[in-house]
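Under the numbering used here, the first residue of the sequence shown carries the number 53, and numbering increases by one thereafter. C-beta: ideal position from N, C-alpha, C; glycine also. These numbers were taken from a predicted model, which means no experiment stands behind them. Since the structure comes first, as structure tokens, the remarks are kept for the end.
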Amino acid sequence: MKKKLIFLAIAFPFIVKSQKKNDSLNIALQKVTKDTKFGLALSGGGAKGFAHIGILKMIDSLGIKVDYITGTSMGGILGGLYAMGYNADQLKHTVYKMDWNRILSNKIPYSKVNISEKDEYDKYILEFPVVKGIPTLPSSYIEGQYMGEVLNTLTFNAKHINDFSKLRIPVQLTSSDIENGGLVMQKEGSLPLAIRSTLAIPAAFAPVYIDGKLLVDGGLDRNYPANEVREMGADFVIGGYTGFRLFTKKEIENPMKMIYQTHAIRSVEDFKHQKELSNILVDFVDPLGEITTKDFAKFRKIIRIGEIEARKHLPEFVALAEAQRKLGIKYEHTMIEEVKLPTTQFTFNEEDGTPIADAAEIEVLKRQMGLTEGKYYDAKTVNEAIDRVFGMRQYVKVYYTYTNVNDGLVMNVFVKRAKKGAFKLALHYDTEQSVGIIVNYTYRNILLNRSRFLATVDISERFKAKLAYQQFLDSGERLWLDLEAKMVHLKSNDLNFRLYDVNGDGSDSFPNHMYRNITGKIALNYNVSPNAYVSLGTEFSTERMYSLLDKVDQSKVDNYSKKLYNHSNFNTFLKFEQNNLNKRYFTTKGNHLQVSTRFYYGDRYQLYDLNTVQPLLYLILNPKDPYYYEPKNLVSFTLNENFFYPITRRLTVKANVFLGASFSAKKEGQVPYLFLNQKYNLGGSEYNYDLLSPEFNGLRQKELPMTSVAKAGLSFQYRIMKKLYLTPSFSYGKVSQELSPFNDSFDMFGYGLNLGYESLIGPISLNVSRNSQLDFSRIYFSIGFKF
53 MKKKLIFLAI
63 AFPFIVKSQK
73 KNDSLNIALQ
83 KVTKDTKFGL
93 ALSGGGAKGF
103 AHIGILKMID
113 SLGIKVDYIT
123 GTSMGGILGG
133 LYAMGYNADQ
143 LKHTVYKMDW
153 NRILSNKIPY
163 SKVNISEKDE
173 YDKYILEFPV
183 VKGIPTLPSS
193 YIEGQYMGEV
203 LNTLTFNAKH
213 INDFSKLRIP
223 VQLTSSDIEN
233 GGLVMQKEGS
243 LPLAIRSTLA
253 IPAAFAPVYI
263 DGKLLVDGGL
273 DRNYPANEVR
283 EMGADFVIGG
293 YTGFRLFTKK
303 EIENPMKMIY
313 QTHAIRSVED
323 FKHQKELSNI
333 LVDFVDPLGE
343 ITTKDFAKFR
353 KIIRIGEIEA
363 RKHLPEFVAL
373 AEAQRKLGIK
383 YEHTMIEEVK
393 LPTTQFTFNE
403 EDGTPIADAA
413 EIEVLKRQMG
423 LTEGKYYDAK
433 TVNEAIDRVF
443 GMRQYVKVYY
453 TYTNVNDGLV
463 MNVFVKRAKK
473 GAFKLALHYD
483 TEQSVGIIVN
493 YTYRNILLNR
503 SRFLATVDIS
513 ERFKAKLAYQ
523 QFLDSGERLW
533 LDLEAKMVHL
543 KSNDLNFRLY
553 DVNGDGSDSF
563 PNHMYRNITG
573 KIALNYNVSP
583 NAYVSLGTEF
593 STERMYSLLD
603 KVDQSKVDNY
613 SKKLYNHSNF
623 NTFLKFEQNN
633 LNKRYFTTKG
643 NHLQVSTRFY
653 YGDRYQLYDL
663 NTVQPLLYLI
673 LNPKDPYYYE
683 PKNLVSFTLN
693 ENFFYPITRR
703 LTVKANVFLG
713 ASFSAKKEGQ
723 VPYLFLNQKY
733 NLGGSEYNYD
743 LLSPEFNGLR
753 QKELPMTSVA
763 KAGLSFQYRI
773 MKKLYLTPSF
783 SYGKVSQELS
793 PFNDSFDMFG
803 YGLNLGYESL
813 IGPISLNVSR
823 NSQLDFSRIY
833 FSIGFKF
């Protein structure tokens with residue numbers, strides 16, 4: 053008896069509370085008539101907002117009619133799409149198939165970056181805009197380019213509707229005026245832009261300009277807009293709340309949680325008043341527990357919790373559905389039909405809505421988009437047009453809205469310009485060269501519009517530097533001038549050099565052979581497509597090789613030469629390159645084709661007196677030796693094709709074909725002497741964009757210089773887990789010191805296994821490989837982005 057009394061004492065407050073709630077609902081249902089209007093209010097909560105799908109499924113399954121919707125942040129996304137006609141199952145499927153990593157980043161697929169910008173895209177850990185010569189923090193972490201594309205695609209059927217009360221269900225979305233303060237309800241205009249504004253969490257997502265106001269997440273002023281759905285005309289309110297949980301005294305010892313709490317207090321206090329305006333309220337806060345607003349990767353778990361919690365309110369939803377049924381209130385929830393109107397006009401505007409005044413810039417935008425007035429365009433075509441503009445990297449955001457005018461659509465294009473200057477950083481380390489910090493400064497429009505200047509330095513023991521300037525010469529941004537000067541300073545892996553010691557007597561005194569190369573290039577390029585170009589240019593190259601003994605070895609050797617040789621020459625080239633890979637690293641789809649022919653001339657060569665010091669090196673470095681002849685009018689042809697095809701979601705096959713050959717008059721009984729910058733330097737386990745340095749299993753980078761190469765490779769990249777990849781690879785080649793890879797050649801077969809990881813600081817790779825020419829395995833480890 054005592055136990056029963058204790059139980060009743062504990063349970064009594066909850067029973068009373070539940071009874072009061074049921075009484076309140078019953079009273080509200082008794083007042084329902086045919087004229088009663090029903091509202092749905094969905095709160096913000098970032099990723100937690102996926103739980104609202106549980107409420108929508110309950111509404112759909114019972115056929116409950118909703119007359120008005122309000123939403124904030126994620127509640128605004130789901131509410132806006134539901135108002136269009138998406139049902140709960142469609143929204144759930146949309147969430148499941150979405151690439152949230154891409155949405156929550158500023159990256160676009162590598163294939164959508166213009167070929168003129170691919171060399172610098174996705175190579176740095178940190179990027180800071182430069183203002184008045186000083187690197188500064190960006191105003192927000194995510195501009196939301198891809199997010200805008202997704203929203204435009206999802207809402208494309210409603211693009212002709214500028215009054216949100218004309219949707220299947222009238223909807224209003226909350227926003228906050230970050231400049232002047234106050235709640236702003238989005239009732240008309242562009243539906244995807246209104247949705248974008250309600251989820252613009254300050255400092256995380258960039259704010260949005262609408263009608264001259266700078267708007268952010270409406271949760272700053274009203275996270276749960278029950279009052280607003282009442283003001284729309286709702287007499288009965290269904291609500292979902294996924295808002296804030298206040299931290300305990302112990303938890304707010306964490307300074308980040310303290311900052312979070314200062315914002316949450318106001319919202320929680322407001323919710324106390326808003327929930328009194330709700331007749332059926334599903335409060336997800338406690339069931340979601342430790343799940344946070346940024347846990348988008350947990351969408352499956354969040355949706356499952358949302359469905360479970362909504363079902364706990366099944367009696368309330370059933371009672372409402374029954375009340376509507378008795379009154380003959382029915383609603384069939386169907387998708388709004390697209391009206392295929394032509395685009396009769398284009399406008400081009402700054403992000404704040406100010407029309408672009410520069411006629412030349414407008415012409416460039418028009419040509420990049422490739423759309424004409426008077427035609428209907430589907431979502432895919434329009435998004436591809438916007439991607440072409442964004443892929444030029446002149447703007448950090450490009451988006452569009454539609455205005456319905458006289459049975460046609462006006463497409464309004466908005467751009468947010470990138471800061472002229474950008475300061476970028478990356479780290480790298482590998483077991484073959486050294487650790488270093490890559491520092492880059494990029495400045496756009498330094499001399500003329502539509503230009504890019506960059507200076508990059510690799511601060512490391514193996515110093516590297518590059519200066520480059522690009523200038524587009526036509527309004528269509530197809531023809532461009534490319535100037536570049538580059539210096540690399542590396543430890544040579546040349547197998548020929550490593551086979552010979554200083555004394556030539558088989559002792560253990562091996563010098564480090566250092567290689568320095570300086571190139572200068574001028575080229576005229578033409579973009580055949582956004583992912584392909586033809587280049588005609590001339591390049592000057594000077595290379596130097598020298599030996600370097602450490603202090604211990606210097607004490608053992610009486611005489612050795614630091615200087616080995618200097619060489620310089622010119623080449624004029626014609627090159628075609630196509631690159632539509634979807635990712636720079638760990639590619640899963642696309643191809644990269646390079647075809648080049650070069651004519652070499654103007655050789656100048658200085659071989660230092662090694663005959664008495666390092667005679668074996670002298671033999672292989674001396675082009676005047678009777679064993680060699682120097683080809684005249686040397687022309688090379690190179691083809692490199694890398695093709696990636698996804699077999700499954702986890703498994704991608706990569707096929708590689710490489711052919712490098714040269715043409716010149718031959719001399720019987722002698723071998724052609726080609727200099728290092730004319731040879732194909734085989735080796736390395738990492739995918740290499742350098743046409744003269746094909747990778748090959750079992751060799752270090754550029755370890756085997758050969759006059760000609762024919763090679764085929766096959767690898768299978770398997771994604772073990774989210775960002776972890778295992779890749780076995782196989783390669784076969786015929787290599788020769790003759791001009792053709794099929795004359796006096798020898799065969800090579802290699803195989804390897806690579807474990808790779810996509811980290812925040814760049815790709816991490818651990819590779820073990822072997823080939824038929826060496827009787828030992830190579831182990832290679834690298835971290836970070838390459839120069």
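Closest Cα partner of Lys392 within the set Gly460, Thr455, His325 and Lys432 = In this structure, Gly460 is the residue among Gly460, Thr455, His325 and Lys432 with its C-alpha nearest to the C-alpha of Lys392.
Please name the residue or residues paired with Lys543 in a DSSP beta bridge.
-> According to the DSSP secondary-structure assignment, Lys543 is paired through a beta bridge with Met566.
Taking the C-alpha atoms as reference points, what is the distance between Phe370 and Ile116?
-> A small correction: the amino acid at residue 370 is Val; Phe does not occupy that position in the sequence shown. Answer to the nearest angstrom: the Cα atoms are 9 Å apart.
What residues match up with Ile262 in a beta bridge as DSSP calls it?
-> Lys265, per the DSSP bridge assignment.
Below 8 Å CB to CB, which residues in the same chain sit around Ala80 once its five sequence neighbours on both sides are set aside?
-> Excluding positions up to five away in sequence, the list reads Phe288 and Asn331.
Which residue from Val268, Leu235, Ala256 and Ile290 puts its Cα closest to that of Leu245?
-> Across the set Val268, Leu235, Ala256 and Ile290, the C-alpha of Val268 shows the shortest separation from the C-alpha of Leu245.
Pull up the CB-CB distance for Phe715 and Leu812, whole angstroms please, since I reckon it's below 8 Å.
-> Wrong, their Cβ atoms sit about 47 Å apart, outside the cutoff.
Residues sharing a beta bridge with Phe475, DSSP | According to DSSP, which records beta bridges pairwise, Phe475 is partnered with Phe180 and Tyr493.
Counting Cβ pairs closer than 8 Å, one from the region 618-631 and one from the region 194-207, do we hit at least three?
-> Pairwise C-beta distances place the region 618-631 out of contact with the region 194-207, as fewer than three of them are shorter than 8 Å.
Nearest to Asn548 by alpha carbon, out of Leu668, Val687 and Phe794?
-> Of the listed residues, the one whose Cα sits closest to Asn548 is Leu668.
Give every residue of the same chain whose Cβ lies closer than 8 Å to the Cβ of Trp152, excluding the five residues on either side of it in the sequence, and list them in chain order.
-> Contacts found: Phe348, Ala349 and Phe351.
Mind checking who Ile800 pairs with in its DSSP beta bridge?
-> With the sequence shown as reference, residue 800 is identified as Met, and Ile is not the correct amino acid for it. Met800 is bridged to Gly785.
Of the residues Ser527, Val337, Leu673 and Glu321, the one placed nearest Gln420, counting alpha carbons only = If we check each option's Cα against that of Gln420, Ser527 comes out closest.
If you drop the 5 nearest sequence neighbours on each side, which residues of the same chain put their C-beta closer than 7 Å to that of Ala375?
-> Here the set comprises Leu81 and Val84.
On the DSSP bridge assignment, give the partners of Gly196 in chain order.
-> As DSSP reads the structure, Gly196 sits in no beta bridge.
Distance between His565 and Ser599 (C-alpha atoms, nearest Å) = The alpha-carbon separation between Ser599 and His565 amounts to approximately 4 Å.
Might you give, ordered along the chain, the residues of its own chain that have their beta carbon closer than 7 Å to the beta carbon of Ile155, omitting 5 neighbours on each side?
-> The beta carbon of Ile155 sits closer than 7 Å to those of Tyr198, Met199 and Val202, all from its chain and outside the five residues before and after it, given in chain order.
Separation of Tyr120 from Lys239, as counted between CA atoms | Taking C-alpha positions only, Lys239 is separated from Tyr120 by approximately 12 Å.
Count the other C-beta atoms from every protein chain shown that fall within 10 angstroms of the C-beta of Glu403, then say buried if there are 16 or more, exposed otherwise.
-> Buried: at least 16 other Cβ atoms inside 10 Å.
May I ask which residues mark the beginning and end of the alpha helix (DSSP H) holding Phe369?
-> Residues Leu366 to Lys378.
Can you name, in chain order, every residue of its own chain whose Cβ lies under 6 Å from the Cβ of Pro675, other than the five neighbours on each side?
-> Once the five neighbours on either side are set aside, the close Cβ partners of Pro675 are Glu682 and Tyr725.
Please name the residue, chosen from Tyr447, Asn623 and Thr207, that lies closest to Lys471 on a Cα-to-Cα basis.
-> Ranked by Cα distance from Lys471, the first of Tyr447, Asn623 and Thr207 is Tyr447.
Specify whether the region 202-211 and the region 175-193 touch according to this definition: at least 3 beta carbon pairs, one from each stretch, less than 8 Å apart.
-> Contact between the region 202-211 and the region 175-193 is absent: fewer than three C-beta pairs spanning the two stretches fall below 8 Å.
Per DSSP, what kind of secondary structure is Met136 in: helix, strand or coil?
-> Residue state, collapsed to three classes: helix.
Whose C-alpha, out of Gln730, Ala210 and Ala437, is nearest the C-alpha of Thr690?
-> The option with the nearest alpha carbon to Thr690 is Gln730.
Would you mind stating whether Val586 and Phe628 have Cβ atoms separated by less than 7 Å?
-> Cβ atoms of Val586 and Phe628: closer than 7 Å.
Going by the beta-carbon positions, is the gap between Thr294 and Gly101 smaller than 7 Å?
-> One thing to note: Thr294 has its Cβ within 7 Å of the Cβ of Gly101.
Terminal residues of the beta strand (DSSP E) in which Met421 lies | Segment Ala411 to Met421 is the alpha helix (DSSP H) holding Met421; no beta strand (DSSP E) there.
Given Asp174 as reference, the closest of Phe727, Lys476, Val462 and Met463 once Cα atoms are compared = Just measuring C-alpha positions, the residue of Phe727, Lys476, Val462 and Met463 sitting nearest Asp174 is Lys476.
Could you spell out where the alpha helix (DSSP H) holding Gly271 opens and where it closes?
-> Unbroken run through Gly271: none, as it is neither H nor E.
By DSSP, does Asp335 sit in helix, in strand, or in coil?
-> DSSP places Asp335 in the strand class (E or B) of the three-state scheme.
Who pairs with Asp534 in a beta bridge, going by DSSP?
-> In DSSP, Asp534 forms a bridge with Gln522 and Ala575.
Per-residue DSSP class, three states only, for Lys83 | Looking at Lys83 - three-state DSSP - the assignment turns out to be coil, as it is neither helix nor strand.
Per DSSP, Asn694 is paired with what?
-> DSSP, once it has assigned bridges, lists His644 and Asn708 as partnering Asn694.
Considering only residues of the region 803-829, which uninterrupted beta strand (DSSP E) runs meet the minimum length of 3 residues and lie entirely inside it, listed in chain order?
-> Qualifying beta strand (DSSP E) stretches, in chain order: 814-823.
Contact under 7 Å by Cβ, Leu94 with Gly292 | The answer is yes: Cβ separation under 7 Å.
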